[in-house]
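Residue numbering for the sequence shown follows my numbering, beginning at 68 and increasing consecutively. Beta carbons are placed, not taken as given, at the ideal position from N, Cα and C, and that holds for glycine. Data block below; observations after.
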Amino acid sequence: MLVLVNATVFDGRELLPGRHAVALEDDRIVAVDAPPGDEADDIIDVDGMTVMPGLITCHLHPDFYKFDIFSGEKPGKELPPGVMMAIGVRTCRVLLESGFTGYVGASCAHDIDASLKVAIAQGIIPGPRIRACGHHIGTTGDMNNRSRWWKPYATPGLDICDDGPDAMRKLVRQEISRGVETIKIFAGAGHGIPSRTARNMARDEIAAVVAAAHERGARVRAHVADREMILECIALGVDVIDHGDEVDEEIIDKMVEAGTFWVPSLVYLWSLLEVGYAAQFGVTPELYEHVRRVLPTAQRAGVRILVGDDYSGVFRHLIKDDPLDHQVGNYGREFAYYAEIDGLTPADVLSWGTSNAGQLLVDPPATVGAIEAGAMADLIVIDGNPLDDLSLLARPDEALRAVIRDGELVIDRLPPRPRSTAT
Ligand SMILES: [Zn+2]
């Protein structure tokens with residue numbers, strides 16, 4: 068048993084007053100505040116540092132790293148599959164070194180999420196807890212399928228497509244058979260993907276995807292930005308709204324009622340505006356400001372908002388210190404970014420990347436993203452109080468002292484300590 072004593076604790080919702088002891092046994096948190104007994108074989112005095120759930124990003128493409136958005140090529144085909152997997156391995160390292168112990172995939176080529184998950188479970192590489200996604204599912208001639216039609220899709224990169232409810236059901240089942248736990252659909256356009264029409268999939272196709280996924284215990288996430296399409300996705304049982312640029316008060320009520328998750332992923336829109344390509348990609352400053360305005364309303368209403376974004380590095384040559392490049396510390400910059408919005412607090416946005424995210428990362432009754440007895444032992448130790456200074460989460464080289472994944476110290480920069488070795 069490992070016990071962290073003398074800890075300031077952020078439990079995934081709030082900072083607990085005083086100092087606490089957090090006891091871990093195997094891959095679980097077994098007690099908070101029970102005095103360490105004889106069975107504790109490693110007691111670490113963290114001297115008031117903050118123990119909190121490991122951070123979890125809920126919109127991640129582990130293989131988006133060398134894709135050139137301006138090339139006209141299709142993502143997932145820019146490099147051979149093995150090299151794309153190597154990029155995924157690199158992303159896992161960057162996540163852990165950034166204090167992220169979990170990610171929920173938002174699509175990848177070549178089954179990379181599911182393969183990473185196996186490699187981590189087999190002890191081949193260290194890595195975060197993963198909820199695996201797969202291809203973008205869409206329809207023939209849709210916005211991901213209509214360009215470069217003369218290049219065959221026999222070896223899909225990121226995008227696969229078919230038509231009609233029966234075909235959708237089959238695609239979903241094929242994805243699940245390859246280890247996918249969250250089906251990604253391109254239900255509609257927007258959020259930097261312009262299209263002549265907002266709709267990208269027919270209603271009966273979305274319904275078939277949701278039914279086929281839920282029957283087999285998978286969840287469904289939808290790229291969707293248009294108001295009517297978001298309402299349709301929620302009504303049909305889509306679990307995660309990705310982007311949701313036109314979320315309004317009616318949609319907020321529907322999301323609360325249905326328990327829908329929402330990943331606003333605003334740093335991508337910020338980046339498009341910053342580089343001056345927003346108009347070309349169908350984004351306006353007004354739309355960006357609209358999302359910032361509705362976020363506090365959604366938070367107050369109880370929407371399960373999540374952090375995560377389109378990290379890729381596509382702007383690394385255009386923006387100095389590109390916030391969406393896969394570099395250590397960048398994923399944690401989102402917390403300070405969102406907390407600057409009037410009406411949101413540091414605890415609100417920290418809960419997006421911990422307790423809210425945990426509810427998507429694992430299926431009940433498992434719990435992660437919380438410091439409580441019974442939760443999975445994925446946690447981090449921060450030198451300082453992130454609620455006072457969220458930028459600590461963007462400076463892991465200075466502030467991140469430990470990363471514990473499944474009860475094991477995978478990064479240990481804690482001060483040297485005497486070890487008691489009771490057996
Ligand atoms: Zn994405």
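Excluding five sequence neighbours on each side, which residues of the same chain lie with their C-beta closer than 8 Å to the C-beta of residue i?
i, result
"V477", "L163, P193, V470, I471"
"I136", "S379, V381"
"W55", "With the chain covering only 68 through 490, there is no way to say anything about residue 55."
"L339", "G259, A345, F348, V350"
"R245", "D178, A181, G201"
Hey, how far is the Cα of residue i from the Cα of residue j?
i, j, result
"S422", "M119", "10 Å"
"D78", "L238", "39 Å"
"R160", "A153", "11 Å"
"E92", "V99", "12 Å"
"P352", "Y335", "12 Å"
"A496", "I408", "For residue 496 there is no data in the structure shown, the boundaries of the chain being 68 and 490."
"A325", "G304", "8 Å"
"G255", "T206", "11 Å"
"V277", "T168", "28 Å"
"V185", "L354", "40 Å"
"I204", "P483", "50 Å"
"N73", "A181", "38 Å"
"D320", "A289", "18 Å"
"G343", "D450", "38 Å"
"T327", "C300", "10 Å"
"Q189", "L183", "10 Å"
"D388", "P223", "32 Å"
"E282", "V156", "31 Å"
"N452", "A274", "45 Å"
"P390", "N397", "6 Å"
"S332", "V358", "10 Å"
Counting C-beta neighbours from all protein chains within 10 Å, is the total for residue i 16 or more, i.e. buried, or is it exposed?
i, result
"R400", "buried"
"L385", "exposed"
"T264", "exposed"
"R360", "exposed"
"G208", "exposed"
"T412", "exposed"
"P84", "exposed"
"P431", "exposed"
"G375", "buried"
"W217", "exposed"
"S138", "exposed"
What are the start and end residues of the alpha helix (DSSP H) that includes residue i?
i, result
"R263", "Careful: R263 lies outside any alpha helix (DSSP H) and carries neither H nor E."
"R270", "270-282"
"I136", "Here I136 belongs to no alpha helix (DSSP H), and DSSP marks it neither H nor E."
"R240", "232-244"
"A302", "294-303"
"V342", "333-342"
"V323", "316-325"
Can you list, in chain order, the residues of its chain with a C-beta nearer than 7 Å to that of residue i? Leave out the 5 residues immediately preceding and following it.
i, result
"P261", "F348, G349"
"D415", "Q366"
"R166", "The question names Arg, but residue 166 is Gly in the sequence shown. Counting only Cβ-Cβ distances below 7 Å, and skipping sequence neighbours, we find G121, L122, G399, I447, L460, P463, L467, V470."
"A444", "L91, D94, R95, I96, I471, D473, G474"
"I297", "V291, I308, G311, E313, V314, I318"
"E341", "I386"
"D226", "K141, H202, H203, G205, N211, N212"
"A440", "I96, V97, A98, V99"
"R266", "G255, M296"
Which same chain residues, not among the five before or five after residue i, have their C-beta less than 6 Å away from its C-beta?
i, result
"R80", "S418, S422"
"V171", "C125, R198, L427, L428"
"D229", "L238"
"G201", "E242, V247"
"G369", "V323"
"D392", "G380, R383"
"H177", "P148, M151"
"K144", "G224"
Could you spell out the range, first to last residue, of the beta strand (DSSP E) harbouring residue i?
i, result
"E475", "475-479"
"W329", "328-330"
"V448", "446-449"
"A74", "69-77"
"K141", "Unbroken run through K141: none, as it is neither H nor E."
"D464", "It is not in any beta strand (DSSP E) - D464 instead sits in the alpha helix (DSSP H) that spans 463-466."
"A289", "286-291"
"H310", "307-310"
"T249", "249-252"
"D130", "Run containing D130: none; DSSP gives neither H nor E here."
Is the shortest distance between the beta-carbon of residue i and the beta-carbons of chain B less than 7 Å?
i, result
"D392", "The chain labelled as chain B is not found in the depicted structure, where only one protein chain is given."
State yes or no: is the C-beta of residue i nearer than 6 Å to some heavy atom of ligand 3?
i, result
"A173", "For the structure depicted, ligand 3 is absent and the ligand set comprises only ligand 1."
Suppose only complete runs of 3+ residues qualify. What are the beta strand (DSSP E) ranges in the segment 81-125, listed by chain order? 82-92, 95-99, 109-112, 117-120
Along the chain, which unbroken stretches of the alpha helix (DSSP H) at least 4 residues long are found entirely within the segment 362-442? 400-406, 413-418, 424-428
Complete runs of the alpha helix (DSSP H) confined to the segment 152-213 [at least 4 residues]: 179-188
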